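Numbering (the numbering used here), first residue to last: 116 to 803.
Below is the structure:
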């Protein structure tokens, strides 16, 4: 898509043209910096460089001693740019930076705005408006997607039929912009009334003191420019697949995972449960068996995992009397690869780690209360010490060493090939200690810089590991962490309606290869939306729960020894189907909805459909019927060639139909099979 362009101009303090085709969408200075809360957005005498793949502006910011190096790097030849900013103090006195936004646009008011709220079990709840009103998206929880999702979509233009009321920008040349801060902590996007948009690390409770000669690099922001939000999401997915996510032969093999958590939690799990499930998993073709929380801590079968987080060198021998090394070997003996859960950054209030290594603990020295804009989820805080934040500060050398060695030791001891890295903590504005290798105002930034560095070192030490990021389900999903892990867990709840809503949202940030979610789990706990009577569940409805989770990395959390034989067989069939037919689509494809999104609670589209487009021209179409829905109407797959001939294969019954691109684009395709089916998987293949 070569009609999108960024070009810097040296006039008037360094300005940036953002264009689509012949239309200039923005032509303002691309940064907003604040020194002691006073804004600066111009260079004195900028040096500018332009090429198709890299734009730079360099020089001293007007009225300051700050040298600012700004760049826009095009990603994977897509209309996607990573905007970066580094500030250096070239003066003789310290400078306090209170804002450092690598993105500043002035696009005008004629835009519709799109964003997402996010909370536990409520990830990717749509937020819509227009640029005539102020819109502030941000996180103050210390986790990137607890509060809001780090993404803003702006869209305008398109044909308006006669007599139809126009909305913002209707009738203008079609255009869309998406903005995604690439940072796992507190970020912001301010879209002010009239279309002035800035984005970067949140200025709330943030500052960094630069001594003479010191520099700081702001978290980057990713900008996508396209004719529509759909084409923007496809471009970003392709860029993230090709030039962002870490990839190895093992992670590209897309191993199917079983995890013990929801059916057993930490109350019913022991080494026999793990091995019994691993043996059946092997018979079903599942390749990894992951031990979730409950394996560590005191030798007490009733111990609560959250209270002892951090004590990763302790093994709960009441549940796992043979120890971790034997556990890993027993999983391998069962014929599958071991996986292990760890919440490596977290510290329980009663953990031995807290007492043994106070130098690694994160503290808000003044005991500041959390921002009330989100519901704090941190467990095991200390009511007698309001400064304790419940995690190790990875801005400190001691914190980084603890996390690195904890993860590395767990991997080498168990032989784990899959690490589920959880984070059930809201760090708020972060650690304010000044004896940790950071200042009082940049502790959260330095924590995440430390986390990224440690994860890179873990992958370097153990190159065949799969790193999955989880954070109370899906509360730390962002493009910053996406550079350092192989995939993201979307949400703790996984009932199909919720899963599909989250999938419709996350495709604006991640491709299928970067996504993991289990099929509808057997929940031990009392969570009404996930209640399901597994004794009377039909095979067709079970198939639907599996197929919804096969459009990305695939896993299950089920009581395999107790699952009905007919459902076990359906699971075996679908694992084989995923490995044989769907893996190429997940590995290299991009997601594009064919319908509006379903929404939790029985709202939204009740017969949703979506496709995955493979670079070789094949298309996988998935269609579902949810409660309150009816058999889907014809599906119109997108991106096909009108003059090509295609075969359409129903993966359930093997039915093959031959048709043309024109017919598929204009008439669509009607799913076949019995009338009461609730899901379909179709592959559309171009003939030579």
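Heads up, the beta-carbon is just placed ideally off N, CA and C, and yes, glycines get one too.
These figures come from a predicted structure and were not determined experimentally.
With contacts defined as CB atoms closer than 8 Å, residue 381 and residue 420 qualify as a contacting pair. Beta-carbon to beta-carbon, residue 316 and residue 295 are separated by about 13 Å, too far to satisfy the 8 Å threshold. Residue state for residue 522 is assigned as helix, using DSSP reduced to three classes. When the beta-carbon positions are compared, residue 636 and residue 342 stay at least 8 Å from each other. A Cβ-Cβ contact shorter than 8 Å links residue 150 with residue 179. In the structure shown, residue 348 adopts helical secondary structure according to DSSP, grouped into three states. Beta-carbon to beta-carbon, residue 584 and residue 604 are separated by about 7 Å, close enough to satisfy the 8 Å threshold. If you look at residue 469, you'll find it in the alpha helix (DSSP H) that goes 467–471.
Sixteen is the threshold: when 16 or more other Cβ atoms of the shown chains lie within 10 Å of the Cβ of residue 143, as they do, the residue is buried. Here residue 668 is bridged, per DSSP, to 631. Considering only 338, 300, 129, 783, the residue with the shortest C-alpha distance to residue 156 is 129. For secondary structure counted as the alpha helix (DSSP H) over 4 or more consecutive residues, the segment 688–749 holds these complete runs in sequence order: 698–703. Taken in chain order, the segment 140–165 contains no complete alpha helix (DSSP H) segment of 4 residues or longer. The Cβ-Cβ distance between residue 389 and residue 408 does not fall below 8 Å. Uninterrupted beta strand (DSSP E) stretches at least 3 residues long and entirely within the segment 346–410 occur at 372–374, 403–406, given in chain order.
By DSSP's assignment, residue 515 forms no beta bridge with any residue.
Counting along the chain, residue 565 sits inside the alpha helix (DSSP H) bounded by residues 558–576. Residue pairing from DSSP places residue 229 in a beta bridge opposite 243, 268. According to DSSP, residue pairing for residue 120 in a beta bridge involves 134. By the criterion of at least three beta-carbon pairs nearer than 8 Å, the segment 710–728 is in contact with the segment 608–621. Linking residue 248 to residue 664 through their CA atoms gives a straight-line distance of about 37 Å. Separation of the CB atoms of residue 259 and residue 302 is rounded to 6 Å, and the pair is thereby assigned contact status at 8 Å. In the three-state reduction of the DSSP assignment, residue 794 falls in the strand class. The three-state secondary structure of residue 776, taken from DSSP, is helix. Under the 10 Å beta carbon count, residue 674 is surrounded by 16 or more other beta carbons and is classified as buried. Assignment of beta-bridge partners to residue 761 by DSSP yields 774, 801. Residue 505 is positioned such that its CB atom lies no closer than 8 Å to that of residue 235. Contact between residue 148 and residue 141 fails: their C-beta atoms lie close to 18 Å from each other, not under 8 Å. With contact defined as three or more Cβ pairs closer than 8 Å, the segment 417–436 and the segment 341–355 are not in contact. A residue is called buried once 16 or more other Cβ atoms fall within 10 Å of its Cβ, and residue 524, having fewer, is exposed.
In the three-state reduction of the DSSP assignment, residue 441 falls in the helix class. For residue 660, the uninterrupted alpha helix (DSSP H) segment begins and ends at 654–663. Separation of the CB atoms of residue 543 and residue 458 is rounded to 18 Å, and the pair is thereby denied contact status at 8 Å. Contact between residue 182 and residue 205 is confirmed by a C-beta separation of about 5 Å, below the 8 Å threshold. Exclusion of the five residues before and after residue 486 leaves 255, 543 as the residues of its chain whose Cβ lies within less than 7 Å of its Cβ.
DSSP places residue 685 in the helix class (H, G or I) of the three-state scheme.
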